[in-house]
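Residues 0 to 362 (numbering that gives the first Met the number 0) make up the sequence shown, in order.
All C-beta atoms, glycine included, are put in the ideal place defined by N, C-alpha and C.
Every value quoted in this text rests on a predicted model; they were computed, and no experiment measured them.
Reading through the structure tokens given below for one structure.
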Amino acid sequence: MKSLKSIFWTMALAALMMACGANHEEKASDRDKLPLANVKVQKAGLREGTQQYQFTGRVEADDFAQLSTRVMGQISYLAVEEGDAVGAGQVLVQIKSADIQATVSRIEANIREAEAARRNIELNYKRIKTLYDKQSATRKELDDISTQLEMAKAQVDAARQARVEAQEMLGYAAITAPFSGTVVKKYASRGSLASPGQPILELEGTGNFKVLAKVPESEINLFQIGDEIKLTIEALGKNPLKGKVSQINRSAGQTQGQFEVNIQIEADAQALKTLKSGMFAQVVLAKGKSEGLTVAETLLVQRGQLTGLFTVNQQQQAMLRWVRTGRNVGGQVEILSGLAPGETYITQYEGKLVDGQKVKVIN
């Protein structure tokens, strides 16, 4: 019985091996049927270049304002919505100002009363001064009227200053746009009660933009004011923009150990129009010398979690070599392992290239 089972499994294993062999021969036969592929190749070599450091950041508008009022009152006018464009000096919010206006009117009346009192005292002063010059009034009478005149003038000045302050408060009831831009946040609506310091609107400018990059402490000292930066904003495509470091935050206390670097975007007006706050940006700083092996990103082949690169073996066949990659800077990917200097890899071919396909080098 055991001998029969042994014979059965031996025959099954033999059949499986024959099937695998046939399958391998079939695959090899399939590769042999593939047309000869014309390819261009290049020898891998270490290249000396500028060391490039890559970071991430986000786009922000240069001009940003959170608008609030200095007076308490009901909002009587608020006609903008989020996304609306506004012009510099445009009235955005109006606070009911009847109480303030009443105060201004009361102060105006006080000014008129104080000025009338001053004029009356001035007449008395002139009369007593004339009498004093004729020795018909005493020195004390002249001193008393002089003091009264100074007090009357001071009361007029105080009333006028109160009017200035009240008019300033009246001006605070109207909130205007400090610059041309877009309303990005609305916290209140018409009829709401506004309080001093409570935000009503947020406004962003549409002129200049910057990128706020997060940099770890191990690399923050690489940056200096004025450094030129290459920026890639994914939402706008892969064409890089230029930038320049304008500010380096010397503290990371509020940013979880990451230092903030402000990079001013240098672009024409047309490019600036396409930028929006919150867009993701790749930040590349080129500084120092480096030596490494890199290939174009377009030559890499992705198979699941693996990354490969086509090379040419001694039998003039295309061989897919698995590689380990590093940084991708400007479309050039660093090869950490899997390809050595002096080895040949394929840089150009037509159609689809298959692992094991016969190739002809044409360069």
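From the options, residue whose alpha carbon lies closest to that of residue i
{"i": "Ala220", "options": "Met278, Val90, Met150 and Phe258", "result": "Residue identity check: residue 220 is Asn in the sequence provided, not Ala. Of Met278, Val90, Met150 and Phe258, the residue nearest in Cα terms is Phe258."}
{"i": "Gly242", "options": "Glu233, Gly256, Gly225 and Lys185", "result": "Gly225"}
{"i": "Ala64", "options": "Tyr76, Trp321 and Thr205", "result": "Thr205"}
{"i": "Ala187", "options": "Trp321, Asn119 and Tyr76", "result": "Tyr76"}
{"i": "Ser191", "options": "Ile228, Leu284, Leu271 and Gly72", "result": "Gly72"}
{"i": "Ile364", "options": "Leu211, Tyr124 and Thr146", "result": "No answer is possible for residue 364: the residues shown for the chain start at 0 and end at 362."}
{"i": "Gly44", "options": "Ile361, Val358 and Leu335", "result": "Leu335"}
{"i": "Leu338", "options": "Arg326, Tyr348 and Leu319", "result": "Leu319"}
{"i": "Val40", "options": "Ala157, Asn248, Gln160 and Gln315", "result": "Gln315"}
{"i": "Gly329", "options": "Gln347, Gly303, Val283 and Gly256", "result": "Val283"}
{"i": "Ile262", "options": "Lys133, Phe208, Thr306 and Arg46", "result": "Phe208"}
{"i": "Gln281", "options": "Glu349, Leu292, Ala108 and Ile264", "result": "Ile264"}
{"i": "Leu274", "options": "Val300, Leu230, Gln93 and Lys95", "result": "Leu230"}
{"i": "Glu333", "options": "Gln50, Val38, Asn37 and Ala317", "result": "Gln50"}
{"i": "Lys185", "options": "Ala173, Glu203 and Met168", "result": "Glu203"}
{"i": "Ile247", "options": "Ala268, Phe222, Leu240 and Gln255", "result": "Phe222"}
{"i": "Lys42", "options": "Val92, Leu292 and Thr55", "result": "Leu292"}
{"i": "Asp143", "options": "Asn123, Arg159, Arg162 and Lys133", "result": "Asn123"}
{"i": "Ile74", "options": "Ala101, Pro195 and Arg323", "result": "Pro195"}
{"i": "Glu227", "options": "Pro34, Glu121 and Ala285", "result": "Ala285"}
Residue i, DSSP secondary structure in three states
{"i": "Ile120", "result": "helix"}
{"i": "Tyr186", "result": "coil"}
{"i": "Ser75", "result": "strand"}
{"i": "Thr273", "result": "coil"}
{"i": "Val70", "result": "coil"}
{"i": "Ile110", "result": "helix"}
{"i": "Asn327", "result": "strand"}
{"i": "Ser104", "result": "helix"}
{"i": "Ala87", "result": "coil"}
{"i": "Val360", "result": "strand"}
{"i": "Val311", "result": "strand"}
{"i": "Val353", "result": "coil"}
{"i": "Leu338", "result": "coil"}
{"i": "Glu218", "result": "coil"}
{"i": "Gln197", "result": "coil"}
{"i": "Gln134", "result": "coil"}
{"i": "Gln257", "result": "strand"}
{"i": "Arg162", "result": "helix"}
{"i": "Thr343", "result": "strand"}
{"i": "Ala153", "result": "helix"}
Residues that residue i bridges to, as DSSP identifies them
{"i": "Phe63", "result": "Glu203"}
{"i": "Met168", "result": "BP columns for Met168 are empty, so no partner."}
{"i": "Tyr348", "result": "Val38"}
{"i": "Gly242", "result": "Ile228 and Ile264"}
{"i": "Phe178", "result": "For Phe178, which the question treats as bridged, DSSP gives no partner whatsoever."}
{"i": "Glu140", "result": "Glu140 is not bridged to any residue."}
{"i": "Val294", "result": "Val332"}
{"i": "Glu80", "result": "DSSP output for Glu80 lists no bridge partner at all."}
{"i": "Val92", "result": "Leu77 and Ile174"}
{"i": "Asn192", "result": "A small fix is needed here, since residue 192 is Leu in this sequence, not Asn. In the DSSP output, where bridge partners are listed per residue, Leu192 has Gln73."}
{"i": "Thr306", "result": "Gln301"}
First and last residue of the uninterrupted beta strand (DSSP E) at residue i
{"i": "Val283", "result": "Phe279 to Gly291"}
{"i": "Pro215", "result": "Phe208 to Pro215"}
{"i": "Gln301", "result": "Val300 to Arg302"}
{"i": "Ala317", "result": "Ala317 to Trp321"}
Cβ of residue i within 7 Å of any chain C Cβ
{"i": "Asp156", "result": "In the structure shown, chain C does not exist; there is a single protein chain."}
Any non-hydrogen atom of the ligand ADP within 6 Å of residue i CB
{"i": "Asp354", "result": "This structure lacks the ligand ADP; in fact it carries no ligand of any kind."}
Next on the checklist: Give the list of continuous beta strand (DSSP E) stretches no shorter than 3 residues that lie fully inside the region 27-60.
Outcome noted: 36-42 and 46-60
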